[in-house]
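To start, the structure under review is shown below, and the notes come after it.
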Amino acid sequence: MAKSQSASLDRKKLLADPIMVTTIILLIVFLTVFILYPLAILLVDSFLTDGHFTMDTFKRVMALPNFRRAISNTLKVGFLVGIASALIGLLFAYVEVYVKLRTKFMEGLFKVVSMLPVVSPPFVLSLSMIMLFGKAGIITRFLLHIYDNSVYGFWGIAIVQTLTFFPVCYMMLKGLLKNIDPSLEEAARDMGASRFKVFMTVTFPLILPGLGNAFLVTFIESSADFANPMIIGGSYDTLATTIYLQITGAYDKQGAAAMAVVLLAITLLMFVVQKYYLEAKSTATLSGKASRERMLITDKSVTVPLTILCSALALFVIIMYICVPFGAMFRTWGYDFHLTFKWFGLVFTKYKGFKAFKDSFILSLISAPITALLSMIISYLVVKRKFKAKGFIEAVSMLAMAVPGTVLGIGYIRGFSGGLFGSGILQGLYGTGAILVIVFIVRSLPTGTRSGISALRQIDKSIEESAYDMGADSFKVFMTVTLPLIKDSFLSGFVTSFVRSITAISAIILLVTPSYLLITVQINEFAEKGSYGIACAFASILILITYSSVLIMNLIIKHFGTSRKVTIEE
Amino acid sequence: MAKEKKGVRLEHISKIYKDPKTGKDFYAVKDANLEIEPGSFVTLLGPSGCGKTTTLRMIAGFESPDEGEIYLGNEPINALTPNKRDTAMVFQSYALLPHYNIFDNVAYGLKLRKLDKSVIKEKVTDILKLVGLEGMENRMTNQLSGGQQQRVALARALVIEPGVLLFDEPLSNLDAKLRVSMRTEIRRIQQEAGITAIYVTHDQSEAMAISDKVIIMNKGLVEQISTPQEAYYYPNNKFVADFIGEANFLNGTVKSQDVVVIDGAEVKCSTGSMEPGAQCSVVLRPEGAFLGDNGAIRGKVMYSCFMGAYQDYHIQVADALVKIQEYNPKNKKIYNVGDEVFLNFEDNTLYAL
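This is the structure in structure tokens:
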């Protein structure tokens with residue numbers, strides 16, 4: 001049987017659609033040049049010396065004791081943070097889905113906790129950790145009278161990362177728990193199992209793949225995290241910071257490339273296991289929708305301790321975030337608690353705050369719509385169209401999720417500072433705002449694409465087919481049908497991308513030139529110097545910006561989103 | 001109403017798919033040769049997985065055939081994309097655009113053709129009237145019942161005056177009563193518009209009620225192309241006989257051109273060109289026999305049940321269990337389980353395969 005005729009007909013049909021073909025080609029070029037090429041150049045860099053294949057570079061960096069330490073540090077932190085985040089996430093998810101706590105206060109707490117990691121810059125918790133528990137920390141110094149507490153190092157990183165990443169696990173596991181059919185657990189109860197037994201023999205096995213999934217996602221995030229180890233790591237270096245120091249301190253670009261390859265290999269391995277093994281498994285076991293509402297646990301011996309535990313954790317996290325604006329309002333943290341606006345003043349006078357906010361804001365605002373549109377186009381092509389390069393486009397845009405920002409940054413330095421393959425082509429890009437915008441796009445693309453894909457999967461394929469059948473070409477179908485139907489996903493992709501870009505640091509800290517001041521880079525700089533007042537002032541304003549953009553987006557979706565028609569027309 | 005009625009011709013059309021479980025290629029449609037007359041109403045009929053929807057989607061352009069060529073009128077259309085084909089499809093799920101109101105849904109195809117606003121308005125109003133939805137222009141799609149949504153989908157397809165109208169199981173999401181009234185409606189509108197229609201369904205009564213011709217498919221193969229009457233009275237094979245209506249198969253031996261011997265008894269039965277002495281299966285429809293205390297073939301009642309319009313019997317005849325329905329049972333003798341009974345046949349009711 002030969003399927004050649006249909007293949008050639010499908011190709012002809014595709015070629016009859018020039019806009020579609022151009023889009024696909026441009027996408028492939030973009031993904032290749034800005035994701036695959038920089039990663040490939042790292043491989044070339046680390047395996048090739050003077051045109052010969054060699055393992056020398058690897059041998060050299062592996063011989064560095066601090067690099068070997070960094071590998072084990074990264075794995076240790078990642079492992080602990082992964083487990084802790086998955087477990088705390090599970091606790092929160094379980095309490096939300098299974099336990100009756102219908103008080104406004106608790107619901108508010110849970111909402112805030114799920115929202116915070118989205119709107120906050122990545123290293124805010126490190127700042128407040130230092131301010132609460134450090135040498136001059138309010139809690140350690142003034143409440144407990146410990147004067148030499150060190151928060152720097154393994155435990156500092158682990159605690160801060162866990163508090164940063166567990167909300168992501170909570171959101172993931174919440175979705176899974178909600179999909180468990182309550183009658184499964186009721187059947188077990190009915191046969192005489194205690195509540196604990198039900199959890200251990202029914203609920204837990206069902207979400208085990210999901211738990212593994214949450215663990216690996218957190219592990220990847222933790223290994224890729226640059227800002228927290230930078231600020232709170234002290235002398236405890238992880239791979240991300242070691243690579244950064246290798247290139248900014250030791251000026252060893254080739255060594256940094258080899259180190260980046262090692263970090264990439266770790267995250268990529270985790271990603272492949274997570275994506276192709278666990279993700280499929282966790283959705284396969286829980287594909288059924290809950291048949292009806294779950295009877296919530298009202299038993300006081302269960303609800304009271306769980307409620308207390310969760311509120312305590314949630315309040316702790318919230319206090320840590322609140323600590324940041326306060327840090328910007330005291331004269332000298334830890335010594336002089338007079339309220340002052342001098343730090344905010346300094347931000348905007350001496351430290352060119354306006355320029356920093358303008359640069360960050362504009363670059364992020366340019367990248368956000370491009371990212372949102374690009375991810376919607378990719379989702380449309382992946383979900384709704386059939387063509388050869390589809391697998392490539394999907395894989396590469398998802399691959400970006402597993403690439404740590406530091407690795408991407410090194411790749412861009414090695415790949416673009418001398419133009420493509422050192423030829424000078426595209427060299428003009430290096431050092432400009434454009435390359436920062438591109439990095440922002442590449443870093444936010446996977447999240448946007450994932451949300452676009454899941455939104456499009458909900459939409460019956462025949463709706464687009466009908467438009468196509470009526471005579472619309474692909475472009476018309478996309479503009480008049482697809483995009484309006486996933487408007488919400490587009491808007492949230494827009495804001496997510498904006499927030500991610502304006503709070504990004506790991507990749508761009510390697511690429512930014514003095515002509516651009518970026519807020520996150522400023523915060524990092526002042527935090528490293530120990531100027532916590534200035535760092536907190538920058539961070540507070542940044543949180544304000546990101547928080548208001550999320551609020552504005554919610555307002556827009558509420559008033560112009562897809563749910564509107566039902567409410568207004570009836 | 002249509003600019004030009006177009007016929008559709010499929011020449012040696014095949015479509016190959018990969019079985020997702022075994023990874024092996026198989027023919028979803030194999031060597032289909034169809035000639036659909038301009039202006040006629042033709043149904044692709046068969047059980048699920050028989051290739052009927054695949055065939056329709058190849059005509060619409062959503063799937064590409066692996067062998068053969070499809071002609072619309074006299075034009076080969078294999079390489080044309082769906083938007084370039086002079087076809088319009090009514091989808092099973094209606095596929096209305098949820099972000100548009102009824103008017104904009106129906107006007108969608110006309111706007112793409114860059115018609116004048118006033119012309120669009122006139123055409124949409126006319127077509128909504130034809131499908132019985134006048135005055136509903138400003139409703140959103142989720143404010144309509146299933147039947148109304150189906151009418152919008154039909155109006156949307158009709159308004160662009162396609163050469164051929166395609167229906168993909170359009171009534172399967174409606175309840176039984178509405179299905180019956182909608183199919184009459186679809187037939188009326190097709191006649192009024194004078195348009196060629198190809199209709200996919202697995203419901204044989206729907207196919208019979210609506211079509212000029214039925215194309216019966218099974219496992220990718222076209223089993224029979226004929227009028228509904230021919231398919232019922234003169235099925236090509238056991239599959240068609242069993243799929244169109246209910247059928248009993250009795251083993252027999254051909255005696256002459258119109259006599260077959262069943263269980264030792266000679267009965268009248270058209271045998272076509274079969275040789276005397278050949279073994280054959282005789283198709284007996286449940287309403288084709290009447291019971292009596294004596295007659296041609298002896299049997300024993302195994303099941304007897306009053307169904308209102310008819311008495312339902314299962315009768316053991318030689319090695320076959322035969323289902324018989326005797327209509328108007330009030331005026332007939334009722335046989336009970338265990339009774340001995342004889343089957344008699346009206347002329348022209350038996351058909352040998």
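Heads up: the protein sequence lines correspond to chains R and P, in order. To convert, note that position 282 of the first sequence is 282 in this note's numbering; the numbers rise steadily by one, no gaps. To convert, note that position 325 of the second sequence is 325 in this note's numbering; the numbers rise steadily by one, no gaps. Note that the Cβ used here is the ideal one computed from N, Cα and C, for glycine as well.
Can you look up residue i in the DSSP assignment and give me helix, strand or coil?
i: Thr203 (chain R); result: helix
i: Arg9 (chain P); result: strand
i: Ser273 (chain P); result: coil
i: Tyr303 (chain P); result: strand
i: Asp104 (chain P); result: helix
i: Glu137 (chain P); result: coil
i: Ser223 (chain R); result: helix
i: Arg331 (chain R); result: strand
i: Lys3 (chain R); result: coil
i: Asp252 (chain R); result: coil
i: Leu518 (chain R); result: coil
i: Asp203 (chain P); result: coil
i: Tyr147 (chain R); result: coil
i: Gly68 (chain P); result: strand
i: Val267 (chain P); result: strand
i: Glu279 (chain R); result: helix
i: Ile225 (chain P); result: strand
i: Glu326 (chain P); result: strand
i: Phe41 (chain P); result: strand
i: Glu570 (chain R); result: Annotation note: pLDDT 24 at Glu570 (chain R) (below 50); position unreliable, coordinate value reported separately. Glu570 (chain R) falls in the coil class under three-state DSSP.
State the Cα-Cα distance for the pair residue i and residue j, rounded to the nearest angstrom.
i: Val8 (chain P); j: Val90 (chain P); result: 17 Å
i: Lys59 (chain R); j: Phe47 (chain R); result: 11 Å
i: Lys565 (chain R); j: Leu96 (chain P); result: With a pLDDT of 37 at Lys565 (chain R), under the threshold of 50, the predicted position of this residue should be treated as unreliable, though the coordinate-derived value follows. Answer to the nearest angstrom: the Cα atoms are 15 Å apart.
i: Leu144 (chain P); j: Val131 (chain P); result: 14 Å
i: Lys135 (chain R); j: Ile318 (chain R); result: 21 Å
i: Val112 (chain R); j: Pro121 (chain R); result: 15 Å
i: Val282 (chain P); j: Tyr233 (chain P); result: 12 Å
i: Gln427 (chain R); j: Phe34 (chain R); result: 13 Å
i: Ala320 (chain P); j: Ile262 (chain P); result: 11 Å
i: Ser223 (chain R); j: Ser235 (chain R); result: 17 Å
i: Lys384 (chain R); j: Ile297 (chain R); result: 42 Å
i: Lys558 (chain R); j: Tyr380 (chain R); result: 24 Å
i: Val272 (chain R); j: Thr218 (chain R); result: 14 Å
Starting from residue i, find everything on chain P with Cβ-Cβ shorter than 7 Å and list it in chain order.
i: Ile463 (chain R); result: Ala95 and Leu97
i: Val481 (chain R); result: Leu97
i: Ala472 (chain R); result: Asn83 and Leu112
i: Pro205 (chain R); result: The contacting residues do not exist; Pro205 (chain R) stays about 27 Å from chain P at best.
Applying a beta-carbon distance threshold of less than 7 Å, which residues of chain R neighbour residue i?
i: Thr81 (chain P); result: Lys13, Ala16 and Asp17
i: Asn78 (chain P); result: Leu9
i: Ala60 (chain P); result: Asp469
Residue i and residue j look like a contact to me (Cβ under 8 Å); what is the Cβ gap, rounded to whole Å?
i: Leu9 (chain R); j: Asn78 (chain P); result: 6 Å
i: Ile393 (chain R); j: Val382 (chain R); result: 7 Å
i: Arg298 (chain P); j: Phe342 (chain P); result: 6 Å
i: Ser364 (chain R); j: Phe538 (chain R); result: Wrong, their Cβ atoms sit about 15 Å apart, outside the cutoff.
i: Ile413 (chain R); j: Leu510 (chain R); result: 6 Å
i: Thr520 (chain R); j: Ala507 (chain R); result: Incorrect: roughly 11 Å between the Cβ atoms, too far for contact.
i: Ile410 (chain R); j: Leu27 (chain R); result: The pair is not a contact, with the Cβ atoms about 24 Å apart (cut-off 8 Å).
Measuring CB to CB, does residue i end up less than 8 Å from residue j?
i: Thr447 (chain R); j: Ala258 (chain R); result: no
i: Gly288 (chain P); j: Leu350 (chain P); result: yes
i: Val29 (chain P); j: Lys15 (chain P); result: yes
i: Cys323 (chain R); j: Met131 (chain R); result: yes
i: Leu133 (chain P); j: Ala155 (chain P); result: yes
i: Phe357 (chain R); j: Ile541 (chain R); result: yes
i: Leu101 (chain R); j: Thr307 (chain R); result: yes
List, in chain order, every chain R residue whose beta-carbon is nearer than 8 Å to that of residue i.
i: Met89 (chain P); result: Glu465, Ser466 and Asp469
i: Tyr233 (chain P); result: The contacting residues do not exist; Tyr233 (chain P) stays about 37 Å from chain R at best.
Can you pull the chain P residues whose beta carbon is under 8 Å from the beta carbon of residue i, in chain order?
i: Asp460 (chain R); result: Ser93 and Ala95
Which residues in chain P have a C-beta closer than 9 Å to the C-beta of residue i? List them in chain order.
i: Asp488 (chain R); result: Residues of chain P passing the Cβ test: none, with the nearest at roughly 12 Å.
i: Lys604 (chain R); result: Coverage of chain R is limited to positions 1 through 570, which leaves residue 604 (chain R) absent and any answer about it impossible.
i: Leu485 (chain R); result: Leu97, Pro98 and His99
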